[in-house]
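Novice:
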Amino acid sequence: MENKWRKSSYTDSRIEFIPVGSDRLYDEFNRLSSCRVTSYTWGQFFQRDIQLLGDKLSWHDLACLHPIIEFSICVAPRWDCASECRVGLIFSDGHHWECERTFPQWNDSKWHRLTYHYKEYQQFPTSVTVQLSGKDRQFWAGYYGVKFAQTRLRLLFHIDENKTNQENETIIEAKVEDEPRQNPQPEDAPDNLPVDEYFTHQDSSTVYSSSNDTDSDDG
103 MENKWRKSSY
113 TDSRIEFIPV
123 GSDRLYDEFN
133 RLSSCRVTSY
143 TWGQFFQRDI
153 QLLGDKLSWH
163 DLACLHPIIE
173 FSICVAPRWD
183 CASECRVGLI
193 FSDGHHWECE
203 RTFPQWNDSK
213 WHRLTYHYKE
223 YQQFPTSVTV
233 QLSGKDRQFW
243 AGYYGVKFAQ
253 TRLRLLFHID
263 ENKTNQENET
273 IIEAKVEDEP
283 RQNPQPEDAP
293 DNLPVDEYFT
303 HQDSSTVYSS
313 SNDTDSDDG
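Numbered according to the working numbering, the sequence shown spans residues 103 to 321.
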């Protein structure tokens with residue numbers, strides 16, 4: 103789907119094509135994933151009102167199938183700097199989910215996949231707003247904050263006997279890499295997301311303004 107990520111006007115972030123100070127991350131096709139990395143002030147990114155009802159589904163289909171709405175994202179710290187992040191969802195039916203993680207200095211540099219399954223809705227929500235927030239906790243100049251990658255939103259149609267909402271965290275083990283690390287590394291790049299001037303900044307909490315697989319990928 104179309105990339106509709108936006109950032110707040112005060113967000114300072116970069117794109118790393120190879121994560122610096124963290125394990126490399128690969129997708130399901132064994133491709134190296136780039137990531138968005140934050141700095142020492144809160145970096146906040148969001149997609150507003152992502153539509154969940156695709157062209158191939160009717161309201162009758164949704165009522166009969168009651169699909170699970172799955173959101174997932176990978177987050178990682180640098181090994182040498184303490185950092186923190188918040189991930190939040192707000193659905194059009196009023197349901198909220200928020201997850202916070204903090205990472206100490208001298209950590210293992212691993213990626214963590216955070217997954218949320220929304221099952222306990224009465225009527226299928228039409229849309230969801232996603233927000234990501236991250237920073238380092240040592241106020242180091244540069245880009246030492248939490249990294250975000252592989253954001254995904256999709257509908258699952260398999261039968262699940264557990265009918266309650268679920269939050270899971272998976273620690274991703276580093277791969278044995280084929281390419282030697284001494285090869286030339288690509289430079290990181292500016293994060294040229296459009297700025298949303300109407301977004302309200304708060305230091306102390308996550309702020310919200312307001313995809314058949316329906317996928318929402320970062321980039």
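The beta carbon of each residue, even a glycine, is placed where N, CA and C say it ideally should be.
I'd like to confirm the pairing. Which residues does DSSP put opposite Asp238 in its beta bridges?
Specialist: Here residue 238 refers to the residue found at position 136 of the sequence shown. Partner(s): Ser185.
Novice: Tell me where the beta strand (DSSP E) around His260 begins and ends.
Specialist: Position 158 of the sequence shown holds residue 260. Looking at the DSSP string, His260 is not in any beta strand (DSSP E), and its letter there is neither H nor E.
Novice: Whose C-alpha, out of His168, Gln149, Ser110 and Phe147, is nearest the C-alpha of Phe226?
Specialist: By 1-based counting over the sequence shown, the position of residue 226 is 124. Of His168, Gln149, Ser110 and Phe147, the residue nearest in Cα terms is His168.
Novice: Considering only the beta carbon of each residue, do Ser211 and Gly123 sit closer than 8 Å?
Specialist: Sequence index remark: in the sequence shown, residue 211 carries index 109 (1-based). Sequence index remark: in the sequence shown, residue 123 carries index 21 (1-based). The answer is yes: Cβ separation under 8 Å.
Novice: In whole angstroms, what separates the C-alpha of Asn294 from that of Thr140?
Specialist: Start at 1 with the first residue of the sequence shown, and residue 294 comes out as number 192. Start at 1 with the first residue of the sequence shown, and residue 140 comes out as number 38. The alpha-carbon atoms of Asn294 and Thr140 are separated by roughly 13 Å.
Novice: Got a sec, what are the start and stop residues for the beta strand (DSSP E) Ser127 sits in?
Specialist: Within the sequence shown, numbered from 1, the residue matching residue 127 stands at position 25. Rather than Ser, the amino acid found at residue 127 in this sequence is Leu. It is not in any beta strand (DSSP E) - Leu127 carries neither H nor E in the DSSP assignment.
Novice: Expressed to the nearest angstrom, what Euclidean distance is found between the alpha-carbon atoms of Ile192 and Gln149?
Specialist: Here residue 192 refers to the residue found at position 90 when the sequence shown is read from its first residue. Here residue 149 refers to the residue found at position 47 when the sequence shown is read from its first residue. Our two residues, Ile192 and Gln149, have alpha carbons roughly 11 Å apart in a direct line.
Novice: Given a threshold of 16 other Cβ atoms within 10 Å of its Cβ, counted over all protein chains shown, does Gln233 qualify as buried or as exposed?
Specialist: What you label residue 233 is simply residue 131 of the sequence shown in a count that begins at 1. Buried, because 16 or more other Cβ atoms sit within 10 Å of the Cβ of Gln233.
Novice: Can Tyr347 and Ile261 be called in contact, C-beta distance under 8 Å?
Specialist: The structure shown does not extend to residue 347, since the chain is modelled only from 103 through 321, so no value can be given for it.
Novice: Which residues in the same chain have their Cβ closer than 6 Å to the Cβ of Phe119, if we skip the five residues on either side of it in sequence?
Specialist: Along the sequence shown, one-based indexing puts residue 119 at 17. So the list reads Ser136 and Pro288, once near-sequence residues are dropped.
Novice: Give the single residue among Leu164, Gln146 and Glu271 whose Cα lies nearest to the Cα of Arg203.
Specialist: Residue mapping note: residue 203 aligns to position 101 of the sequence shown, counting from 1. Nearest option by C-alpha distance: Glu271.
Novice: With distance defined between alpha-carbon atoms, name the residue in Tyr142, Leu127, Ser111 and Tyr128 nearest to Val248.
Specialist: Numbered from 1 along the sequence shown, position 146 holds the residue referred to as residue 248. Residue Tyr142 is the option with its Cα nearest to Val248.
Novice: Are Cys176 and Trp208 closer than 8 Å when you measure CB to CB?
Specialist: Reading the sequence shown from its first residue, position 74 is the one you call residue 176. Reading the sequence shown from its first residue, position 106 is the one you call residue 208. Contact annotation: Cys176 and Trp208 have beta-carbon atoms that are not nearer than 8 Å.
Novice: For Thr231, which of Gly196, Leu258 and Glu222 has the nearest alpha-carbon?
Specialist: Residue mapping note: residue 231 aligns to position 129 of the sequence shown, counting from 1. Closest by alpha carbon: Gly196.
Novice: Taking the alpha-carbon of Leu255 as reference, which of Ala178, Gly156, Gln224 and Ala291 has the nearest alpha-carbon?
Specialist: The sequence position of residue 255 within the sequence shown is 153, counting from 1. Nearest option by C-alpha distance: Gly156.
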